[in-house]
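Visitor: Dropping the structure in here first, questions after.
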Amino acid sequence: MAEQANPFESLQEQIDDASAHLDVADDVRERLKHPERVLELNLSVELDDGSLERFRAFRSEFNGDRGPYKGGIRYHPGVTRDEVKALSGWMVYKCAVVDIPYGGGKGGIVVDPSDYSAAEVERLTRSFAEELRPFIGEDKDIPAPDVNTGQREMNWIKDTYETLENTTEPGVVTGKSLESGGSEGRVEATGRSTMLTAREAFEYLDRDIEGASVAVQGYGNAGHIAAYLIEDLGANVVAVSDSSGAVYAEDGLDAREVKEHKNETGSVTGYDGADEEFSNEDLLTLDVDLLVPAALENAIDGDLARDVRADVIVEAANGPLTPEADDVLTEADVHVFPDILANAGGVTVSYFEWVQNRQRFYWTEERVNEELERHIVSAFDDLTECYESLDLPNFRTAAYVVAIQRVIDAFTDGGTWP
Ligand code: NAD
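See the structure below:
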């Protein structure tokens, strides 16, 4: 990736920027910028050869004013304490902007799971779940999947928790498989909210999504689903990438076929429907109508932003633009629709999963998708109304203004104690 901005400092800068447009006292603003609690662990896990390995792990509980802490668990060698803190803060504001009754949390383990067997990843996950047990619970802190974790890991966390607690409490984690209490529509939800945000954005900007050219950086869960749902709106997905590089076809790729190729070969490169292959950096600076960053944070820094030629950016990834990139793109009139709205589908359907778990009553996929659309469109409208009424510089600031005001309102209503 480009410049490695500290994501926690980026989050704090975003909160400061938005707070400047709100009537918020300095002491309250300070509270909004720091996690309430960060757990740091060294997990000792037995490997298949009988040796022990130490893994660093974190869980940050950022703010619980609006409800239980909520957020994913990431397995990645680049996980740091500050990254986890930032991601947990983004969750607070993401849940607030789509108005679901959660605070924010996030966890991570410093590990590349592809270096370990499934049995080793299971022991690591169960060890983390055991340490998290006093802190998590359906009314306390509810983990979910993130980069390199999925249904399998969530099922293990639920099973570990329920076994140790001698109970059944499927709502302790979300993103589970259907058989373990998951929700219809959860796997597609992040890509779906990215598509809905892109659809609403083009309509708001009075542009046609049909026939629009689209580039997607990152072809994992969020990226590939966003790509094929946006393609289903009639847009032309001309380029996609993953960590191996980018593929491009002027007349459009077939987003589902590229995914099949990636499933078979492990990467998007080598797809035979492409005209050419190039680097990720080239993809990010393509002259397209819509760019969807869907990999990791800091994909576009200030320097790269000067070369961005997309008209609209819809952020599927968390924190893909540095604050400097944001400034450059605002100056250049590139419309950026922020992560805390665009990828909020994951947590919104997690909320539906949790509601279903608590009621022990399960919805159809149609109902899930309808409710998701209602939440995202309503949040989009709140955001654009705020953008216009306060004459804000960009849509990210508008999203934070809406979200921060909701957190402040909940905090003010509750008051402080002791
Ligand atoms: P994933 O692991 O399924 O996919 C990540 C993809 O990014 C992979 O295709 C990988 O090859 C690619 N990638 C990694 N480094 C890259 C690089 N330098 N250039 C181009 N591609 C690169 O992860 P995911 O779940 O799709 O998450 C992606 C982003 O979306 C993350 O920022 C995550 O926090 C965010 N997000 C995901 C969800 C969800 O429900 N999956 C929800 C909210 C936010």
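Using the UniProt record's numbering, you'd call the opening residue of the sequence shown number 1 and step up by one each time. In this text, a Cβ means the ideal position worked out from N, Cα and C, and glycines have one as well.
In three-state terms, what does DSSP make of residue 45?
Guide: strand
Visitor: With a threshold of 8 Å (Cβ to nearest heavy atom), would residue 115 be considered close to the ligand NAD?
Guide: Flag unset: Cβ of residue 115 not near the ligand NAD.
Visitor: For residue 131, collect the residues of the same chain with a Cβ closer than 6 Å to its Cβ; drop the 5 residues on either side in sequence, then sort them by chain order.
Guide: 41
Visitor: Compare the C-alpha of residue 245 against each of 216, 341, 364, 365 and name the closest.
Guide: 216
Visitor: Cβ of residue 6 versus every heavy atom of the ligand NAD: is any distance shorter than 8 Å?
Guide: no
Visitor: Could you spell out where the alpha helix (DSSP H) holding residue 380 opens and where it closes?
Guide: 365-389
Visitor: Below 8 Å on the Cβ atoms is my guess for residue 98 versus residue 194; work out the distance and round it to an integer in Å.
Guide: So it is not a contact: roughly 13 Å between Cβ atoms.
Visitor: Are there 16 or more other CB atoms within 10 angstroms of the CB of residue 317, so buried, or fewer, so exposed?
Guide: Result: buried.
Visitor: Out of curiosity, what's the CA-to-CA distance linking residue 279 and residue 268?
Guide: 12 Å
Visitor: Is residue 100 helix, strand or coil by DSSP?
Guide: coil
Visitor: Tell me, to the nearest whole angstrom, how far the beta carbon of residue 32 is from that of residue 44; I am working on the premise that it is less than 8 Å.
Guide: About 36 Å; that fails the 8 Å criterion.
Visitor: Can you give me the Cβ contacts of residue 38 inside the same chain, cut-off strictly under 7 Å, excluding the 5 residues immediately before and after it?
Guide: 58, 60, 81, 85
Visitor: Between the beta-carbon of residue 145 and the beta-carbon of residue 220, is there less than 9 Å?
Guide: no
Visitor: Have a look at residue 47 and residue 274 and give me their C-alpha separation to the nearest angstrom.
Guide: 41 Å
Visitor: Could you pull out every residue in the same chain whose Cβ sits closer than 6 Å to the Cβ of residue 325, ignoring the five residues on either side in sequence?
Guide: 300, 301, 302, 305
Visitor: Examine the ligand NAD and report whether any of its heavy atoms sits within less than 8 Å of the Cβ of residue 87.
Guide: It does: the Cβ of residue 87 is within 8 Å (strictly closer) of some heavy atom of the ligand NAD.
Visitor: From residue 50 to residue 283, what does the alpha carbon distance come to, in whole angstroms?
Guide: 44 Å
Visitor: Which first and last residues belong to the beta strand (DSSP E) in which residue 300 is found?
Guide: Note, residue 300: premise wrong, no beta strand (DSSP E); not H, not E.
Visitor: In terms of alpha-carbon separation, which member of 13, 239, 362, 173 lies closest to residue 129?
Guide: 173
Visitor: In terms of DSSP beta bridges, what is residue 73 paired with?
Guide: 107, 145
Visitor: Looking at the secondary structure, which residues open and close the beta strand (DSSP E) in which residue 57 lies?
Guide: 52-63
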